[in-house]
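Heads up, the thing below is written out as structure tokens.
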Amino acid sequence: MLPVASLLILVPLIFAAVTFLTKTKGQAAGLGFTGSLATLGLAIYAYLNFESSTAAMQFFESMTWIPSLGVNYSVGIDGISMPLILLNAIVIPLLILYSWKEDRESPNRFYGLILTMEAAVIGVFVALDFVVFYIFWELTLIPLFFMVNIWGGEKRAHASYKFFIYTHVASLIMLLGIFGLFYASWQQTGIPTFGIRELIAQFQFFESGLLKDAIFLSIIFGFLAKLPTFPFHSWLPDAYTEAPTAGSVLFILLKIGGYGLFRISLPMLPNTGNPELMIMMLGMLGSFSILYGALVALRQKDLKRMIAYSSLSHMGYVILGAAGLVTLSVSGAMFQQFSHGLIMSILFMSAGAIQTSTGTRIINDLGGLAKKMPKLTVVMMVGFMASLGLPGLTGFIAEFLVLAFSYARLPGFVLIALLVIVITAAYHLWAMQRAMFGVYNEKLGDIRDINSMQVFSMAAIALLVLYFGLNPSPVLNMMISNSEAIVSLAAALGV
Amino acid sequence: MVKTALEEFAFLIPILPALAFVITFFFGKKMPAGGAIFPILAIAGSFVISFMITLRMLGNPEEVISQSHSWFAVLNFGVLIDPLAAVMLSMVSFVSLLIHIYAVSYMSHDPGKPRYFAETALFTAAMLSLVLSDNILQFFVSWELVGLCSYLLIGFWFEKPSAAAAAKKAFLTTRVGDVMFLTGIIILTSDLLKLAGGFQDGTYLLRFDEIFSYIPQLSALQANIFGFEISHLTIITLLFFGGAIGKSGQFPLHVWLPDAMEGPTTVSALIHAATMVTAGVYLVARTFPMFIAAPDSLMVVAYLGGFTALFAGTMGIVMNDLKRVLAYSTISQLGYMMLGLGLGSVIGLEAVGVSIFHLINHAFFKALLFLCAGSVIHAVGTQDMRELGGVGKVMPITAVTMTIAALSLAGFGIPGTLIGTSGFFSKDPIIEAAYIFGEHSNNWIPYLFSIAAAFLTSAYIFRLIFMTFTGKPRSNYHGHESPAIMTVPLAILALFALVFGGLTRTGFMAFLEETFTNSFVNLNIGNLAGIGRNELIGTTGNEPLLILWLPLIVALAGLAIAFLIYYLRVVKLGPLASMKNPIYRLLYKRYYQHEIYTEFLSLGIVYGVIAFLTQVIDVIIDSIVEAFGIITVGVSEELRKVQTGVVQNYATAVIAGVGLLIILVKLIMEVI
Amino acid sequence: MIPLVFYLGLSALLFSIGIYGVMTHKNGIRMIMCIELMLNSANLNLVAFSSYTGTLNGQVFAIFSIALAAAEAAVGFAIFMAIYRMHDKINLDELKILRW
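From first to last, the protein sequence lines stand for chains S, D and X. Just so we're aligned, residue 408 is where the first sequence starts under our numbering, counting upward by one. Just so we're aligned, residue 4 is where the second sequence starts under our numbering, counting upward by one. Just so we're aligned, residue 40 is where the third sequence starts under our numbering, counting upward by one.
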């Protein structure tokens, strides 16, 4: 049995290091692609050997690192992390293909950073020790920062610093929470440990309700800011919009906020001082994000910015489903993470392609692109339809599960989210109508459709969106076993 | 073993057209006629299977085909073909087949043919899947796919801004209804879970039989909304009806349907006859056991249906666009179907029979009307009736078939005999049922609506016939009769529009009533109605003679008025039909719906006010975040001036610091 | 034998003179000299305590400290020489290139 969990971090990291050393664009892209393919192979190997019906940790590895503080290098994969690892492993090679023909300076750094990012994100997903978790968590900042800062748009400097500082501060608050957890547990048991599962198990024995609430809130703050959710979202539109297409997609693949929510916060939630209040708070944040993101998106003039806000709106479902705290609503929330990663990748790739072709992203300056870019129109249509929750595509499965099964606990918030469905449809169709349909705007000159590699990568993602929309079980079943475990914890406490 | 073989093929009914979609979409360009042959063959296959199942079921209605497979979690997909579904399947595939054949010629000049045929194939597939779904979720999935296809097809000529706008409007307006439908499903799911006490192995949560078995408990669940005690069942059914309002173009969500004319005429025919608008009526019919246990919902259905029938008729009478008149006529006829269903609180299950019977007949004559209109437009090149006239001379087949369709639509026939058009045999029972409803519940408004709408129907459709086919040409056009591939479907549909109703009227309704009693779930409708305190008396057939003849009389009156004004032209409308007449203007402007919906509600309130305010909030939140940065920079800008660069200052600071430390330590030591 | 307090008094006096010099003088050379004075006052303390307690630790420290002071003076004077060559002046309040 391969030590898959470690290899999933190591392989992209090594390839990243080598890619940094390359000289030409061909070498860099080729090496980057090989590395990401190797990672995909490992992920598929892990998936094939993965047992979906259990919530137990699989591919578990552990090594002592700093014994005096109880820090271990321990990694493993379960149903919460497996789909997200797959998501990253699938989209990153396609992303490299998508940007294959783009000309840019220092391609070695570009592809190296993409691979570093892959390693860091997978590192977060497999980490079972808070120290390892936090190291990879912060490591994700670096590639994203440089992505925006080097290859971004006009306001790239501002956007990159804002993103970095904002989420870094949130992470530091989360770190405080982790330390609180660590010390309180140390004091109680006399044995220091940073193991995620051990600390969460110990959490329920803390005596002070206030301490529990403080720890819970400070940790979840880090996740909520990363997710992001209203009102901690204001780094998102700038960063997503200013990033180059590949950077935007990497942001989309950065599913660590939601992952932390399921891995760490939800198991802790039933043991907090006032779980009902926490659930209400999460439900409110979720439904407000959904409503708010959609309303702001409705008025955006910039296509990419509109997509960024729609992403905010969609992430609201993750929180709402988590707050629903029923097996299927939590699974729906996890599925939303997976589905959102695929769908938004298509949307950002489409917006990127439009910008490359026409030189603008302002919706009103476009028009009638369907005539000149028929291939793009078809894949973009699939992406838009998936994003507005059309059944048969993944978005619907996630939204339906979240809404239908959160309703029992949070009826009011679910009704708000339901109202938003019309607004979501409105801004998607509005953008589609203005940008793609109608009379071709001759001012744009003679433009070219997307190249065959872009067609391939976008169509591949679109097919996945369709496939998992029709047959979500392969992914959903893993999530269901794990959400059952989370929910049964809560149910045992009568929450 | 023909019987088992048929069941095994049932799943192919929607799958065949779906496959045709894939093939035509990707390979249609290289095929002759844009690959139209695949959808035609596939839909023909679907029709054959559906028709054989229907034939078999006619003999023994209890032999329902029911297959379920797990989809995800506790939900499933499956096939359920009972009498109701069988009849719908046959109709949808049959009408769709004829329209597809007709379209081969109609669309022959369009470069986007492969896309057209692929999308219509998917459209048909989605509708077929909707009809035979055995659970409410698959129903909703197909329902949404139907919406998507209508969006794509209405916007088929996407380079035309009006087409792109109409497509968007259709999708968004029906989406409002869809959200209500989805909300209903979600409340239902939540309630069922509560009632069933969690998930149970071996049952699929949202299957229709599962839902129906919980009707009494659902009805017992009460919710308090603004001080009113309303049962959950009423809420759910009303929300379902909200979905039906959107899809079936009922007031107030009917605004998309007239605009949907921006697509090719064959698409309009598909939407209006076979594949889209009937979905709403079918939804109410499919979940009729729920409705019958919720009398308040049925009352809403009846009133809204009746009102829509009349309301759309008033607009149909002033439209000058050939297709728009037909569009309003569809809305009006759908209103009749809804009215028929809504009368279920008195006439019971017969409501389903009466309503679906009208749906089927309507499909025949409405498809015919649209295809005839398409034939005229195809030949003449305009659809403004003011520019037409005398088309009957150049297009005799079209003129005859369209007149047959008009007679059927207006419901001409002699009561008490077997003489009559299809429309007569299905529309009159609805009006009679409305009379019985009025007699029984002393609630005459639905009946008045239906009679008034019958008059308007006759008036506007013969206005269309006379303006288009008779008289002298009012503009220079060069018309010619359409080729056989177009006229043959017309003739077939005309035959059905003429005789289908008369031939099947006795068996048809009884057959449909078997859906819920003799087969499938074996519901005791009497008990369900008892939950809702309904009294089922059924139609008696003992109405006064005048009531039986009244629909024909008003239809004749409508015909006579149209004849006088538009054929003989002895009555001049003059100022009555000008913009100076406020009533005419109100009708012509379609009750200012565009202004109210688009400009006031969506643009003004949602887009202008709410979205604007949200954007302001967004700027405020962002400013708070940015303020942290600005404040930090500002403070450090000031603080760094402490670094004067003069060594003495530093030295002084160091020494002062040390002094302070000493004092502090001293103080602390003393305290301790 | 001279009591310890006299040594400490002298050392404090030297230290204060050194501080005064550092704070008031503008000439770099003088400042270095004042710093040397402060260092030496510390050395004086070390030696005094060493003799008072009868151990050698203090004297070892003092020798280290003298060596360090020599090195520091050498580096310091070298820097000032370099500055003088570049700017033709040695008044530190005019040399504020490192501020802010």
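In this text, a Cβ means the ideal position worked out from N, Cα and C, and glycines have one as well.
Counting other Cβ atoms within 10 Å of its Cβ, residue 396 of chain D stays below 16 and is therefore classed as exposed. In this structure, the beta-carbon distance from residue 751 of chain S to residue 659 of chain S falls below 9 Å.
Residue environment for residue 649 of chain S: buried (at least 16 other C-beta atoms within 10 angstroms of its C-beta). If only complete runs of 4 or more residues are kept, the stretch 630-675 of chain D shows the alpha helix (DSSP H) at 650-674, in order along the chain. For residue 587 of chain D, DSSP records no beta bridge to any residue.
Around the CB of residue 630 of chain S, 16 or more other CB atoms lie within 10 Å, so the residue is classed as buried. The beta carbon of residue 650 of chain D falls within 9 Å of a beta carbon belonging to chain X, placing the residue at that interface.
The beta carbons of residue 425 of chain S and residue 409 of chain S sit about 21 Å from each other, so the pair does not count as a contact at 8 Å. With contacts defined by Cβ atoms closer than 9 Å, residue 266 of chain D and residue 160 of chain D form a contacting pair. Ranked by how close their Cα comes to the Cα of residue 460 of chain S, the residues S/523, S/896, S/888 and S/757 have S/888 in first place. For the stretch 778-806 of chain S, the set of positions with a beta-carbon nearer than 8 Å to some beta-carbon of chain D reads 778, 792, 797, 798, 799, 803 and 804 in chain order.
Listed in chain order, the positions of the stretch 625-658 of chain D with a beta carbon within less than 8 Å of a beta carbon of chain X are 643, 644, 646, 647, 648, 649, 650, 651, 654, 655 and 658.
Residue 463 of chain S sits in coil when the DSSP states are folded into three classes, being neither helix nor strand.
Looking from the CA of residue 54 of chain D, the closest CA among D/90, D/81, D/69 and D/665 belongs to D/90. Under the Cβ distance rule, residue 828 of chain S counts among the residues neighbouring chain D, one pair being separated by less than 9 Å. Pairing residue 646 of chain D with residue 131 of chain X gives a Cβ-Cβ distance that is not under 9 Å.
Here residue 45 of chain D is actually not in contact with residue 78 of chain D; their C-beta atoms are around 27 Å apart, not less than 8 Å.
Under the DSSP definition of a beta bridge, residue 470 of chain S partners with S/480. In the same chain as residue 119 of chain X, and ignoring 5 residues on each side of it, the C-beta atoms closer than 8 Å to its own belong to 67, 68, 71 and 129, in chain order.
Membership of residue 251 of chain D in any alpha helix (DSSP H) is not indicated, and neither H nor E is assigned to it by DSSP. Here the alpha carbon of residue 556 of chain D sits roughly 56 Å from the alpha carbon of residue 75 of chain D. Rounded to the nearest angstrom, the gap between the Cα atoms of residue 817 of chain S and residue 596 of chain D is 36 Å. Annotation for residue 72 of chain D: the continuous beta strand (DSSP E) segment containing it runs 68-73. Sequence-distant Cβ neighbours of residue 846 of chain S in its own chain, meaning closer than 7 Å and more than five residues away, are 774 and 775. Residue burial is scored here from C-beta neighbours: residue 721 of chain S has at least 16 other C-beta atoms within 10 angstroms and is therefore classed as buried.
Within chain D, not a single residue places a beta-carbon under 7 Å from that of residue 44 of chain X; the smallest gap is close to 19 Å. Among the residues of the stretch 708-733 of chain S, none has a Cβ less than 8 Å away from any Cβ of chain D. For residue 111 of chain X, the enclosing alpha helix (DSSP H) covers residues 96-126.
With fewer than 16 neighbouring CB atoms inside 10 Å of its own CB, residue 103 of chain X falls in the exposed class. For the set S/899, S/668 and S/844, the Cα lying nearest the Cα of residue 166 of chain D is the one of S/844.
Within its own chain, the residues whose Cβ lies closer than 8 Å to the Cβ of residue 488 of chain D, once the five positions on either side in sequence are excluded, are 104, 105, 107 and 108, listed in chain order. Under the 9 Å criterion on CB atoms, residue 614 of chain D is classed as interfacial with respect to chain S. Every alpha helix (DSSP H) stretch that sits fully inside the stretch 420-456 of chain S and reaches 4 residues is listed by chain position as 432-455.
At a cut-off of 9 Å, the C-beta of residue 819 of chain S has no neighbouring C-beta in chain D. Taking 9 Å as the CB threshold, residue 64 of chain X lines the interface with chain D. For residue 438 of chain D, there are no neighbours in chain S by C-beta distance under 9 Å, as the nearest C-beta there is about 39 Å away.
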